[in-house]
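These notes concern the structure reproduced below.
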Amino acid sequence: MDRTPPALLLALFSLLCRGQPGGQPSNEVNLLDSKASQGELGWISYPSHGWEEISGVDEHYTPIRTFQVCNVMEYNQNNWLRTNWIPRNSAQKIYVELKFTLRDCNSIPLVLGTCKETFNLHYLETDEDMGAKFREHQFSKIDTIAADESFTQMDLGDRILKLNTEVREVGPITKKGFYLAFQDVGACVALVSVRVYFKKCPFTVRNLAMFPDTVPMDSQSLVEVRGSCVNNSKEEESPKMYCSTEGEWLVPIGKCLCNIGYEEQGPSCQVCRPGFYKSTPGNARCSKCPPHSYTHHDGAVHCSCEKDFFRAAGDSQSMACTRPPSPPGNVISVINETSVILEWSWPADTGGRKDVTFNVVCKRCGPGQLQCEPCRGAVRFLPRATGLRNTTVTVTDLLAHTNYTFEIEALNGVSTLARAQRQFAAVTITTNQAAPSPVTVIRKDRTSRNSISLSWLEPERPNGIILDYEVKYYEKEQETSYTILRSKGTNVTLSGLKPDTSYLLQIRARTAAGYGAPSRKFEFETTFSISSENSQVVLIAISSAVAIIVLTVVLYILISRWAPECEHGENKTPHFILRLPGIRTYVDPHTYEDPSQAVHEFAKELDASGITIDKVVGAGEFGEVCSGRLKLPSKKEICVAIKTLKAGYTEKQRRDFLSEASIMGQFDHPNIIRLEGVVTRSKPVMIVTEYMENGSLDSFLRKHDAQFTVIQLVGMLRGIASGMRYLSDMGYVHRDLAARNILVNSNLVCKVSDFGLSRVLEDDPEAAYTTRGGKIPIRWTAPEAIAYRKFTSASDVWSYGIVLWEVMSYGERPYWEMSNQDVIKAVDEGYRLPPPMDCPATLYQLMLDCWQKERNNRPKFEHIVSILDKLIRNPGNLKVTANTASRPANTLLDRNSSDMASLRSTGGWLDNARTLPCKDAFGGVGYTSCDTLTKTTAE
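Written as structure tokens, this is what we have:
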């Protein structure tokens, strides 16, 4: 019988313990560890000669307790080893880890009994310790334990043994505690250690939230655990995690943020040190105080400014503290009679800010500096007296030969916070003796065949005592042969004139400073008498002229009707278009049988790799509108706007989307939005245009209310009119001209865009495109287009009048809160929008001309451009504003209405046309009846 001595096994056990890794995972909690016991374990062995408890030491000479059994020489073995009662604590499921060695039965000679190479593991749940009581039938089997590696006699000789480790799960455990039992049925086995443990999710801090120790509830589901924020932090989103059955934290959700004055350092929020601050909650670090600010305590949420330094209300806490600027320097004045140009240099110290502006204060001074008083009257500053961003200003309409002092003060965003006295640069000037201003009002008192009597009003600014007036007159078309008279008063009679002859006349006043500028040219005619014979000749000539005009009109109508043309059919065959050499004509892409052909003919295909999208700036009908950059080969990268076609589009949506590119691609004008190209051979499909930094005109004007001069606004309107003249010349109707569809770049250049509602005109100037339905922008659309859906360039002129009104009112909504039906009814009854505040009378008259009910009476875009060019060259014509107070609230009457026949005098016609600022001018030159009015010139 070969029974291994206990002493040998103990030595072998000691070897087995050496080199074993120490420690255990943090998510495991031991309920029993036989290696941790320093004394006897006191486990029950049944029968007593079965399992034996052996004492030994490990590699650290720490005592350990092991059990062995090796009764392989005897039959019918049934040896039990039971642990002490083990409280389960909070465990729902337990794990049993066994370390053991087992001898190969084939290596044992002369075995008499039945040798086994396995043993059984059992357990028993109880609510209390049963003491030494042991009943085999009460235990439930967990598993049969077999060795992966067994040792032989040779291994004993070489002192090489193989340690087996097996782990089994038991659960769920419901009672307060349990026993483990090991059943040997005939094996040679040594139980080196027994460890019983359960798993938990250990305490942890994640995203600044603390999660407590958590024991999994069962083997089926995750346990949701709500975290609590660490000290000095607060929830941004409720923090929580899930505890798995393996004791692992999963799926972190939410987080906490450090409070203001605290920063994240590891798993906690630490207070900001002196000299640092944090003004917003979050997990950013504390920031060092910006220049000229400080803090001397922990947990600062902002830094205080040093003495004489400030922060403006809109400054962020990260900005340096600043101070008011020093006064401007090097003030230079250039005097021109009663005006002066002031120039100065920037302050030597801007206070650390970029928002420096200048205010100019004008004072009129007597002989002593103490006798100065603020300037009054009509003194004007160009561009303005306050909020200047440039270092120059022009002051006009000063009094002649008068002392003035100008104080120029530099300000920035913190100037109002400083308590120091105003600091400014001053310059004192004396205006020159100025010549008188021009005579503006001349009246024709009496006219005969050979003479005319005139009178006039003194100039608005005589600038001294008027010595006399010079009257210069000559026959029209004979300017080189003129006559000059001088008059001490304000009237004169010109005699020796030719009968029935037109004359031109100018008057200028003279003071001690010399002659002023001449008045504008006034035209008048002497009267004539006709004998009966001459009268018949005149009547014959007039009748012949009328007959020629009528014949010309009839021929024009007949030729227009006989002109070859082809109507649009369902197959969209294009019109026959008569193209004159050198004149470009618009081609409607909808007339192409294959619309994609129009895209490739008029739009350049771009490589998508050269397009970079930076951000989304809006949404269009077909997709997103983005800003980005375009890089073409051998060209500099440029900023562009990109319209994209959203995913899931239909073929019709794709054609409609690209039709706008087919339209834009035909235009080349500085006031029409420029098409850079299209992307059709990859996705997303894109239209790329030039980038307009200031966006749509209506939003831009509302954002900068009252910040532009009238000349600047007229310049914008001139650009729009120029672009529309180009479209009209190409035979193109926009149909949706409005300020929202005008784009503005950084140089205030306005460009017409949005061609979604546009359609082509036929060659016949009177022809119109009739739509087949769709929405119409009522407030911008001409009455005939609303009533009959007929659009022409004349209807675009009506829309331009509304755009003009929008510009002068800085983006107000036309007709305000009136409903569309109310607008249609009011316009049809003759109502027209009143002039915006401070709108020049000339511009309001242009609006009224654009809103003529009869479309043939509206000006052409070419005429509108010419009018605006004259206003830009002669800004004095913009000084007179439309008088809204004296205007009735009813409508501008149609020029062709029957009421016109009843207007027998110029005054009646002017009153009815609401052009009150012009009334005095007409009356002043003697145009008091319709007969004389018909002889007026453009001047």
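With UniProt numbering as the guide, the letters of the sequence shown map in order to residues 1 to 939.
In this text, a Cβ means the ideal position worked out from N, Cα and C, and glycines have one as well.
- Residue environment: K234 is assigned as exposed (fewer than 16 neighbouring CB atoms within 10 Å of its CB, all protein chains considered).
- Burial check for N79: the Cβ neighbour count within 10 Å reaches 16 or more, so the residue is buried.
- Runs of the alpha helix (DSSP H) spanning 4 or more residues and lying entirely within the segment 711-740 do not occur at all.
- P777 has its alpha-carbon roughly 9 angstroms from the corresponding atom of L737.
- Pairing V471 with E479, the inter-Cα distance amounts to about 14 angstroms.
- The shortest C-alpha to C-alpha distance from N403 to any of N432, L382, T416, E409 is the one to N432.
- Bounds of the beta strand (DSSP E) holding E224 are 223-226.
- Distance between L180 and P109, taken at the CA atoms: about 33 angstroms.
- By the CB criterion at 8 angstroms, V685 and R654 fall inside the cutoff.
- Contact between the segment 165-181 and the segment 115-128 is present: three or more C-beta pairs spanning the two stretches fall below 8 angstroms.
- Shortest Cα-Cα distance from T83 to any of I64, G131, N874, T114 involves G131.
- Under the DSSP assignment, S339 falls in the beta strand (DSSP E) whose first and last residues are 339-345.
- Cβ contact annotation for T350 (same chain, cutoff 6 angstroms, sequence separation greater than five): P325, V356, in chain order.
- Contact annotation: I332 and I429 have beta-carbon atoms that are not nearer than 8 angstroms.
- With fewer than three CB-CB distances shorter than 8 angstroms, the segment 450-470 does not count as touching the segment 410-429.
- In this structure, DSSP gives M818 a state outside helix and strand, which the three-state scheme calls coil.
- Separation of L398 and E337 (C-alpha to C-alpha, rounded to the nearest whole angstrom) is 9 angstroms.
- Under the three-state reduction of DSSP, H122 is assigned to strand.
- Boundaries of the beta strand (DSSP E) around V679: 675-679.
- Distances from the alpha-carbon of F358 to those of N747, F406, A284, L846 put F406 closest.
- Contact check between the segment 140-150 and the segment 61-74: fewer than three CB pairs, one atom from each, fall below 8 angstroms, which does not count as touching.
- In this model, G648 and I613 are separated by some 20 angstroms (Cα to Cα).
- In its chain, beyond the 5 residues on either side, M808, T881, A882 have a beta carbon closer than 7 angstroms to the beta carbon of C839.
- In this structure, G801 lies near M847, with their beta-carbon atoms less than 8 angstroms apart.
- Taking the C-beta atoms as reference points, Q371 is found no nearer than 8 angstroms to C362.
- Distance between I465 and H401, taken at the CA atoms: about 13 angstroms.
- Separation of M692 and L411 (C-alpha to C-alpha, rounded to the nearest whole angstrom) is 32 angstroms.
- Considered as a whole, the segment 19-85 harbours 28-33, 44-46, 52-57, 63-70, 79-82 as its complete beta strand (DSSP E) runs of no fewer than 3 residues, in chain order.
- Membership of Q183 in the beta strand (DSSP E) is indicated by the continuous run 177-184.
- Taking the Cβ atoms as the reference, V69 lies roughly 6 angstroms from G50, within the contact range of under 8 angstroms.
- Between E264 and L208, the C-beta gap is smaller than 8 angstroms, which places the two residues in contact.
- Rounded to whole angstroms, the gap between the alpha carbons of S304 and W805 is 50 angstroms.
- Judged by DSSP secondary structure, F700 falls within the alpha helix (DSSP H) whose first and last residues are 697-703.
- Membership of S487 in the beta strand (DSSP E) is indicated by the continuous run 482-487.
- The residues R88, A91, Q92, K93, I94, E125, in chain order, have a CB closer than 8 angstroms to that of I173 in the same chain once the five nearest residues on each side in sequence are set aside.
- P252 carries a strand assignment under DSSP once its states are collapsed to helix, strand and coil.
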